[in-house]
Amino acid sequence: MAVYSKCKANPQHQGRGKLQDSGQDYYGPIDEPIFQLPEVYILGTLDTTHKSADETLASWREAPIAEGQPQAEEVTMSCCLQDHIDQVTYWQPAGVKRYLAASSQNYVGLMEDGQTVLKYPLRKTHDALQTLRKEAERYIRLGSHKNLLTFKGLNDDGLLLEYCERGMLHTVLEGPDKLTDTQKITIGKQIVCCLVYLHDHHFIHCDLHVRNVFVTSDMSAKVGDLQGQLFRPDGSIEMETMTQENAKSRHPYAGNDEFSRRTDIFALGTLLYHLWHEHPPFPELDEFTHKDLIEARYRAGHYPINLRLSTGIESIIGKCWRSSYEGVHEVLDDMEKLDGMETQYTTVYALSP
């Protein structure tokens, strides 16, 4: 598996990837891979050649961050930040050819190669860039999985990630082309497979939902937005979470500081419900303004499905919500049994208060 670094070819780089003094950009193989990922690119001013992951992370932490907004396009955009609308001026870093999406904190733009996206902050501040660096650390620690968004590197403006042509799973569900039951089950399995991988590597996602799963042109699901909590094998915290689930995905009995397999599996139940029904639980309630009511319904057992009578994928959803699974491996075992059963499900809705 080849790993590459992109840098300007000049005499001082001779011997690193067989670069020649051509003055041109060149992708050259590194003899000692930095990350065990396919086609990784390290862009920008940091020299990461022949460094271990720990050394690379240390250099990122120590390197100065260039603050201040670059030359911006005169375009004002509205970004929803939970309870208010924030007006921001759109800017486009070098190498970004097209704007794709925006969240409450970041933009996503398609790079000129057509295969990579740049995740970069709404405002280029030290704190915003530091948050993206911390997310990069998580990708490096976790390595690669076929259903984990591929991390391609870090440049002066943000994270370089693989381009998923169909966008967020939320966008796919809202689109005109409806998913078949078979496609939904396949996507659900892929998400569960990735969560198995993350948990096996002592990582709790902490914010699993349809906006943090991305879909490729061939309908493969990729989990992204790694801002969760990484534990050491002894159970101590190596990287504290930078995020938390919203009310519809948060376990109703989890304390403020609980980020565990249980909380991730509960969020998985909400994600699978949204995937299967093409809308979140309690669509009439807002996850921010009706937070207390949503939590009260969950605590009272007033779920949008009858947990005693549900079958098939809805039985799995119910078991996620009731914390019946000891680990996500058990969820995957149940998902594997769904092949050929997708037309046999029965949905019986419980009354909500």
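Just so you know, we're using UniProt numbering here: the sequence shown kicks off at 1 and counts up by one.
Glycine is no exception: its CB is placed at the ideal position from the N, C-alpha and C atoms.
Remember, predicted model here, so these are calculated numbers, not experimental data.
If the five residues before and after Q244 are omitted, its C-beta is found closer than 8 Å to the C-beta atoms of C206, D207, R250 and F259, all from its own chain and listed in chain order. For I237 and H209, the gap between their C-alpha atoms comes out near 23 Å.
At least 8 Å separates the beta-carbon of N106 from that of P93. In the displayed model, L208 falls within coil according to three-state DSSP, outside both helix and strand.
With distances taken between CA atoms, I140 lies nearest to L159 out of T171, V88 and L159. Separation of T216 and E137 (C-alpha to C-alpha, rounded to the nearest whole angstrom) is 24 Å. Around the beta carbon of M219, a 10 Å sphere encloses fewer than 16 other beta carbons of the protein chains shown; the residue is thus reported as exposed. Per the Cβ contact rule, the stretch 113-127 is not in contact with the stretch 187-207 (fewer than 3 Cβ pairs under 8 Å). The alpha helix (DSSP H) runs of length 4 or more contained entirely in the stretch 264-351 are, from start to end of the chain, 291-300, 312-321 and 328-336. Residue pairing by DSSP places T131 in no beta bridge whatsoever. For secondary structure counted as the beta strand (DSSP E) over 3 or more consecutive residues, the stretch 121-172 holds these complete runs in sequence order: 151-154 and 159-162. Around the CB of K178, fewer than 16 other CB atoms lie within 10 Å, so the residue is classed as exposed. Across the structure, A101 and K146 are spaced so that their CA atoms are roughly 23 Å apart.
For the 8 Å CB-CB criterion, I265 and Y303 do not form a contact.
DSSP places Y99 within a strand segment (E or B) once states are collapsed to three.
I237 is bridged by DSSP to F231. For T180, the secondary structure class from DSSP, reduced to helix, strand or coil, is coil.
Closest option to K184, judged by alpha-carbon separation, among K319, L271 and D286: L271. Per DSSP, A254 lies in no beta strand (DSSP E) segment and is marked neither H nor E.
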